[in-house]
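K.L.:
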Amino acid sequence: MRRAIEWLCAILLAVVFLAACIPKIASPHDFAVAVFRYQILPHGLINLAAIYLPWLELVSAVALLAPGWRRGAAWILFAMLAVFAAAMAFNLARGVNVSCGCFSVGEDAAVSGWWNVARNIALMAAAFVVLRTTGKKQADLHPV
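With our numbering applied, the sequence shown corresponds to residues 716 to 859, in that order.
#1: Buried or exposed: residue 765, going by 16 or more other Cβ atoms within 10 Å of its Cβ?
#2: So the alpha helix (DSSP H) residue 848 belongs to, where does it begin and stop?
#3: Measure from the C-beta of residue 719 to each C-beta in chain D and report whether the shortest distance is under 8 Å.
#4: Round the Cβ separation of residue 734 and residue 818 to the nearest angstrom and send it over; I've been treating them as touching at under 8 Å.
#5: Should the segment 828 to 843 be called in touch with the segment 790 to 804, which here means at least 3 C-beta pairs below 8 Å?
#6: What is the rounded straight-line gap between the Cα of residue 785 and the Cα of residue 779?
#7: With distance defined between alpha-carbon atoms, name the residue in 774, 837 and 835 nearest to residue 709.
#8: Starting from residue 752 and walking both ways along the alpha helix (DSSP H), at which residues does that stretch end?
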């Protein structure tokens with residue numbers, strides 16, 4: 716049963732991050748604008764983040780589907796989700812309305828809300844489940 720839950724969480728995260736990275740990879744300029752609007756990163760890192768983050772999301776999403784790479788991918792995605800949730804919460808707390816930049820990076824992207832922070836925390840929980848179950852021997856999963 717734990718293996719099924721691990722796989723479900725891994726597949727959920729992979730699908731979410733694959734869906735999220737595609738518009739960012741397709742339109743790095745628009746994603747750079749979304750990153751800029753968060754007003755958190757120094758200007759010199761905005762383009763770097765806009766270029767590398769979507770590819771890190773893609774590689775991590777695919778790696779979740781390979782058992783040997785799953786644990787490392789789950790750690791990366793857990794950390795990314797924590798940073799993204801913190802950035803959104805920081806901007807919401809200081810009254811800066813920015814688009815999430817999660818699944819749409821164009822002019823039609825929805826403004827972030829506390830729902831986005833909650834969603835990221837829920838996805839962090841899924842990554843935590845993957846971390847807790849991946850790489851453990853069957854005997855470790857079912858103690859006598």
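For every residue, glycine included, the Cβ atom is placed at its ideal position computed from N, Cα and C.
P.N.:
Answer, in terms of the structure:
#1: Taking the sequence shown and counting its residues from 1, the one referred to as residue 765 is at position 50. The residue in question, residue 765, is buried, as its Cβ has 16 or more Cβ neighbours within 10 Å.
#2: In the sequence shown, the residue the question calls residue 848 occupies position 133. For residue 848, the uninterrupted alpha helix (DSSP H) run begins and ends at 829 to 848, by DSSP.
#3: Included in the structure is just one protein chain, with no chain D present.
#4: The residue labelled residue 734 in the question sits at position 19 within the sequence shown. The residue labelled residue 818 in the question sits at position 103 within the sequence shown. Residue 734 to residue 818, Cβ: 6 Å. Contact.
#5: Yes, the segment 828 to 843 touches the segment 790 to 804.
#6: One-based indexing of the sequence shown puts residue 785 at position 70. One-based indexing of the sequence shown puts residue 779 at position 64. Their backbone Cα atoms lie some 4 Å apart in a straight line.
#7: Lying before the first or after the last residue shown, residue 709 is absent from the chain, which here runs from 716 to 859.
#8: As a first step, residue 752 must be located in the sequence shown, where it is residue number 37. DSSP places residue 752 in the uninterrupted alpha helix (DSSP H) bounded by 743 to 752.
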